[in-house]
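A.B. asks: Under the working numbering, the first residue of the sequence shown is numbered 2, with each subsequent residue one higher.
I'd like to ask some things about the structure below.
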Amino acid sequence: MKVFDSIPDKCPETPLLDRVNSPSDLKQLKENQLEEFCNELREFLLYTVGQTGGHFGAGLGVVELTVALHYVFDSPKDKIVWDVGHQTYPHKIITGRKSLMSSMRQKDGLHPFPSREESIFDTFGVGHSSTSISAALGMTVGSNEKAIAVIGDGALTAGMAFEALSHSGNLNKDLLVILNDNNMSISKNIGGLSNYLARIWSSRWYTQIREGGKMALRLIPSARKFASKAEEHIKGMVAPGTLFEELGFNYVGPMDGHNVKEIIRTLRNLNDTSGPKLLHLITKKGKGFKPAEVDPIGFHAITKMENPNASKKKNVGMKYSDVFGSWLTSKANVDPSLIAITPAMKEGSGMVEFADKFPSRFYDVAIAEQHAMTFAAGLACEGKKPVLAIYSTFLQRAYDQLIHDVAIQNLDLLIAIDRAGLVGEDGATHSGIFDLSFMRCIPNLIIMTPSSEEECWRLLETGYKFEGPAAVRYPKGFGLGTDLPTEFEEIEIGKSKEIKFSEINKISILSFGSMLSLSDEISKDLDANLIDMRFVKPLDTSCIIKCANHSELIVTLEDNVVAGGAGSAINEFIAEENIKVKTINFGISDHFPSIGGISEQRKDYQLDKDKIVKKIKERLSKK
């Protein structure tokens, strides 16, 4: 295997890869050409991701597996279902999208995850983890065709994956689960002996003896039980597959996930056998690119390579995740009851410093959002003050637990919701545009939307001091450049902030969270009142009444779906109080965001100054 030290700045020559525009083309290559094909595929992947940015390490780690899958199986008839989708760039290249890779994550370009709309080879659309086994099982039940689920060791930690494994073993359908285990280096159990055993355990000969023995022993229960236990213990001495065997799977592995020839031989054996099977592959994230092998976390995803001649855009503010991390560590210094929790997002959520400084008070529960929420609830029951850091898109997975285990019991918990609103290039699966709508209806929960770094710090403090469940939701990326407070100063619950107000202005703009900058531009253009609402729940009702009494039109702006969002809350209050004032709500309309940058997505939703000003004037002019 060729190992690369740097990302190519020019498109590499790839004579073998150039011949492949579909899995059928790949099958025309000889097996002794596949190692070089993998080298070319890896180098081309390095080049294209360098041009566009995107998920990086996972794709490098499954090059050999991807080639083997498409070489052995008849895709798309045989359904290959990828979990999460971070690792599917090689799959996209092999399945006819090589020439489009330069458009990845750009407007009207390729999706960064599998998409059924994009290709027949993308059998299931994903973005969140742990769905592959359930989907693949449904496909094989629905079609009676083969299905292959590729799932990582991280995604396997979610309860949904184990629910699917249990059901699969019970149904006994022709399902192959491939466990892509990249959480460890290749250890002593990987090598000649392990590969040999994997080949044996996947062979038709072994399977026939295994199944024939079961039939022969069916009439002798005690002997059957003894033989089953003997097999289990013999395999358990050299492989960690006992759990999967208990669930009804024929476990094979672990074996080297970068030996393309061995993977092909094993897959051919498994393709000839029926029933549920699990192939355990040990891979290395970032394989073949030395910097990513050394730092797999840092190279999970990369931004596109910068043009050395291009002027660099300076960010004036801090990242909101860093604001949270700074507040979290500072607060923990003075409050020993604070315990921080994350479902596998330590780096992304800005918790590295906290974890290093307070290891006994930090819990990364892996990809297990439901558990994270109820674990936090349990901590709160014992007088601790849990702070759960979670991305908006992943909070959806813990909704039942938020209602049932936290809110009903009115437990003292702060939820720091990162990546709220539009998130840009990752598209619909990772957008955080629903949280205000699905949280606003929950009793006991207060909801805050900071507009700057300073406000984020103060609202985190407010939520922390609040005795009950509180949520602070903030956007991806950088703030406005405001200084962080030096004190742990709270904000009065439900109190908005007047940025600009005059009793003679016809328009009042009520802005929520990250929309304040845009709202300020619109306010100046229309000479309108401007309020930073801060709180979605409880609302500052006195402020709304004041604006309604002195304005002809109330305008709301939010980075959430309009349906059921902050603007809806304003409308509900106005209707309930029978206040006579016009309203218009701006936010995310009723369709999922397309691929592209945040600014492009905002334009798609007509969330730009000129369009909003035009609509406001039109609404004001109507009788």
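Don't be surprised by glycine CBs; every beta carbon is placed ideally from N, CA and C.
Keep in mind the model is a prediction, meaning the values are calculated, not measured.
1) On the criterion of 16 or more Cβ atoms from any shown chain inside 10 Å, does I8 qualify as buried, or is it exposed?
2) Output yes or no for whether 8 angstroms exceeds the beta carbon distance between Y400 and R420.
3) Have a look at Q1 and D19 and give me their C-alpha separation to the nearest angstrom.
4) Extract the residue ranges of the beta strand (DSSP E) inside the segment 438–511, only unbroken runs of 3 or more that lie entirely within it.
5) In the DSSP assignment, what residue or residues form a beta bridge with V388?
6) Just to confirm before moving on: does the CB-CB distance between F38 and K147 stay below 8 angstroms?
7) For V142, collect the residues of the same chain with a Cβ closer than 8 angstroms to its Cβ; drop the 5 residues on either side in sequence, then sort them by chain order.
8) Is DSSP giving E1 helix, strand or coil here?
9) Rounded to a whole number of angstroms, what is the C-alpha to C-alpha distance between M105 and P91?
10) By DSSP, does A150 sit in helix, in strand, or in coil?
11) Touching or not, the segment 278–294 and the segment 67–87, by the rule of three or more beta carbon pairs under 8 angstroms?
12) For E37, name the three-state secondary structure that DSSP assigns.
13) Taking the C-alpha atoms as reference points, what is the distance between P309 and A564?
14) With the cut-off set at 8 angstroms, would you say C457 and S497 are in Cβ contact?
15) Across the segment 446–465 and the segment 317–332, are there enough close Cβ pairs to call them in contact, namely three or more that are closer than 8 angstroms?
16) At the level of alpha carbons, what is the spacing between H259 and V562?
17) Measuring CB atoms only, is the segment 605–620 touching the segment 587–595, in the sense that at least three cross pairs come out at less than 8 angstroms?
18) CA-CA distance, N586 and I134?
19) Please classify G192 as buried or exposed, where buried requires at least 16 neighbouring CB atoms within 10 angstroms.
20) Rounded to the nearest angstrom, what separates N272 and N184 at their Cα positions?
21) In angstroms, rounded to a whole number, what distance separates the CA positions of S503 and Q410?
22) With a 10 Å radius around its C-beta and 16 neighbouring C-beta atoms as the bar for buried, classify E263 as buried or exposed.
23) Along the chain, where does the beta strand (DSSP E) containing V537 start, and where does it finish?
24) Whole angstroms are fine: how far does the CA of K28 sit from the CA of G71?
25) Nearest-angstrom Cα distance between V582 and I546?
26) In this structure, what does DSSP give as the bridge partners for M256?
27) So what does DSSP say about R420, is it helix, strand or coil?
28) How is T274 classed by DSSP in three states: helix, strand or coil?
29) How would you label E619, buried or exposed, when you count the other beta carbons within 10 angstroms and need 16 or more for buried?
30) For the beta strand (DSSP E) that contains L608, what are its first and last residues?
31) Counting pairs of Cβ atoms below 8 angstroms between the segment 468–475 and the segment 428–444, do you hit three or more?
32) If V406 sits next to T375, beta carbons under 8 angstroms apart, how far is it from one beta carbon to the other, in whole angstroms?
33) How many Å lie between F45 and A293 at the Cα?
34) Based on DSSP bridge pairs, tell me the residues matched to D533.
35) Name the two residues that bound the continuous alpha helix (DSSP H) containing N171.
36) Evaluate contact between the segment 380–395 and the segment 525–537, counting only Cβ atoms and requiring at least three cross-stretch pairs below 8 angstroms.
C.D. replies: Let me spell this out:
1) Indexing the sequence shown from 1 puts residue 8 at position 7. With 16 or more neighbouring CB atoms inside 10 Å of its own CB, I8 falls in the buried class.
2) By 1-based counting over the sequence shown, the position of residue 400 is 399. By 1-based counting over the sequence shown, the position of residue 420 is 419. R420 is positioned such that its CB atom lies no closer than 8 angstroms to that of Y400.
3) Residue 1 is absent from the structure shown; the chain starts at 2 and stops at 624.
4) DSSP assignment within the segment 438–511 yields the following whole beta strand (DSSP E) runs of 3 residues or more, N-terminal first: 447–449, 470–476 and 498–501.
5) Position 387 of the sequence shown, counted from the first residue, corresponds to residue 388. For V388, which the question treats as bridged, DSSP gives the partners A341 and L415.
6) Stepping through the sequence shown from its first residue, residue 38 is reached at position 37. Stepping through the sequence shown from its first residue, residue 147 is reached at position 146. Cβ distance not < 8 angstroms, so F38 and K147 don't count as in contact.
7) Your numbering for residue 142 matches position 141 in the sequence shown. Excluding residues within five positions, the ones whose Cβ falls inside 8 angstroms are L172 and K174.
8) No answer is possible for residue 1: it lies beyond the span of the chain, which begins at 2 and ends at 624.
9) Mapped onto the sequence shown, residue 105 falls at position 104. Mapped onto the sequence shown, residue 91 falls at position 90. Spanning the two alpha carbons is a distance of roughly 13 angstroms.
10) Counting from one through the sequence shown, the residue named residue 150 turns up at place 149. For A150, the secondary structure class from DSSP, reduced to helix, strand or coil, is strand.
11) Pairwise C-beta distances place the segment 278–294 out of contact with the segment 67–87, as fewer than three of them are shorter than 8 angstroms.
12) For this step, residue 37 is matched to residue 36 along the sequence shown. Helix.
13) Locating residue 309 in the sequence shown gives position 308, counting from the first residue. Locating residue 564 in the sequence shown gives position 563, counting from the first residue. Legend: pLDDT at P309 = 44, less than 50; position of this residue unreliable, no value from coordinates given.
14) Taking the sequence shown and counting its residues from 1, the one referred to as residue 457 is at position 456. Taking the sequence shown and counting its residues from 1, the one referred to as residue 497 is at position 496. No, the Cβ-Cβ distance between C457 and S497 is not below 8 angstroms.
15) Yes, the segment 446–465 touches the segment 317–332.
16) Sequence index remark: in the sequence shown, residue 259 carries index 258 (1-based). Sequence index remark: in the sequence shown, residue 562 carries index 561 (1-based). Taking the straight line from one Cα to the other gives about 44 angstroms.
17) With a cut-off of 8 angstroms on Cβ pairs, the segment 605–620 is in contact with the segment 587–595, counting three or more such pairs.
18) Taking the sequence shown and counting its residues from 1, one reaches residue 586 at position 585. Taking the sequence shown and counting its residues from 1, one reaches residue 134 at position 133. One C-alpha to the other measures close to 41 angstroms.
19) What you label residue 192 is simply residue 191 of the sequence shown in a count that begins at 1. A caution first: G192 carries a pLDDT of 49, below 50, which makes its placement in the model unreliable, though a value can still be read off. Under this definition G192 is an exposed residue.
20) The residue you call residue 272 lines up with position 271 of the sequence shown. The residue you call residue 184 lines up with position 183 of the sequence shown. Straight-line spacing of the CA atoms in N272 and N184 works out to 27 angstroms.
21) Translated into positions along the sequence shown, residue 503 becomes position 502. Translated into positions along the sequence shown, residue 410 becomes position 409. Rounded to whole angstroms, S503 to Q410 spans 43 angstroms at the Cα level.
22) Translated into the one-based positions of the sequence shown, residue 263 becomes position 262. Of the other Cβ atoms in all chains shown, 16 or more fall within 10 Å of the Cβ of E263; this residue is therefore buried.
23) As a working note, residue 537 is residue 536 in the sequence shown. First-last of the beta strand (DSSP E) with V537: F536 to K538.
24) The residue given as residue 71 occupies position 70 in the sequence shown. The residue given as residue 28 occupies position 27 in the sequence shown. Reading the sequence as shown, one finds His at residue 71 and not Gly. Spanning the alpha carbons of H71 and K28 requires a straight line of approximately 8 angstroms.
25) If you number the sequence shown from 1, residue 582 lands on position 581. If you number the sequence shown from 1, residue 546 lands on position 545. Distance from the CA atom of V582 to the CA atom of I546, rounded to whole angstroms, is 10 angstroms.
26) Indexing the sequence shown from 1 puts residue 256 at position 255. M256 pairs with L282.
27) Counting from one through the sequence shown, the residue named residue 420 turns up at place 419. Strand, per DSSP.
28) As a position in the sequence shown, residue 274 is number 273, starting the count at 1. Note: T274 maps to coil in three-state DSSP.
29) Along the sequence shown, read from residue 1 onward, the residue named residue 619 stands at position 618. Residue environment for E619: exposed (fewer than 16 other C-beta atoms within 10 angstroms of its C-beta).
30) By 1-based counting over the sequence shown, the position of residue 608 is 607. Counting along the chain, L608 falls outside any beta strand (DSSP E), and DSSP gives it neither H nor E.
31) Segments in contact, yes.
32) Here the question's residue 406 lines up with position 405 in the sequence shown. Here the question's residue 375 lines up with position 374 in the sequence shown. Sequence check: residue 406 is Asp here, not Val. Contact between D406 and T375 is confirmed by a C-beta separation of about 5 angstroms, below the 8 angstroms threshold.
33) One-based indexing of the sequence shown puts residue 45 at position 44. One-based indexing of the sequence shown puts residue 293 at position 292. When rounded, the distance between both Cα atoms is 16 angstroms.
34) Locating residue 533 in the sequence shown gives position 532, counting from the first residue. In DSSP, D533 forms a bridge with K498 and S512.
35) If you number the sequence shown from 1, residue 171 lands on position 170. Per DSSP, N171 is one residue of the alpha helix (DSSP H) stretching across G160 to L172.
36) With the cut-off at 8 angstroms, the segment 380–395 and the segment 525–537 do not touch.
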